[in-house]
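Our numbering numbers the first residue of the sequence shown as 113 and each following residue consecutively.
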Amino acid sequence: MQQKSIKQDNLLRSEIEELHRKGSLIHQENTELCRRLNIMSQQKMELSRKLQSCESGGATDANKSSSTPFSFRIVQDANIPANLELSQAQQNEQEHSETGAPALG
């Protein structure tokens with residue numbers, strides 16, 4: 113009987129040790145997952161900031177990188193009346209003949 117009790121005690125101790133090892137591994141895994149989650153959260157915030165800056169200043173940045181001095185802005189307001197006029201382009205004949213291209217007005 114005594115020997116059976118000792119075997120059971122040893123078996124229980126080994127099970128407890130195994131459970132402690134598994135618990136330690138799970139804790140390490142959770143710690144690693146938390147670290148990865150924090151990194152991904154930081155990356156998400158950085159990407160959100162970049163997206164907001166692109167959305168708010170995108171037209172300005174595009175105009176800076178463009179070689180043309182013109183900028184276009186789309187206004188979506190139905191209450192603003194459109195004032196469109198046609199005008200005759202005035203061409204300097206000397207410029208037109210040198211470049212071979214029509215002058216735009």
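Using N, Cα and C, we set each Cβ at its ideal position, and we do this for glycine too. Note that the structure is a prediction, hence the values are computed from the model and not measured.
- Between the alpha carbons of S117 and L149 lies a distance of about 47 Å.
- Here the C-alpha atom of L163 lies approximately 49 Å from the C-alpha atom of E130.
- L123 and E144 have their C-alpha atoms spaced approximately 32 Å apart.
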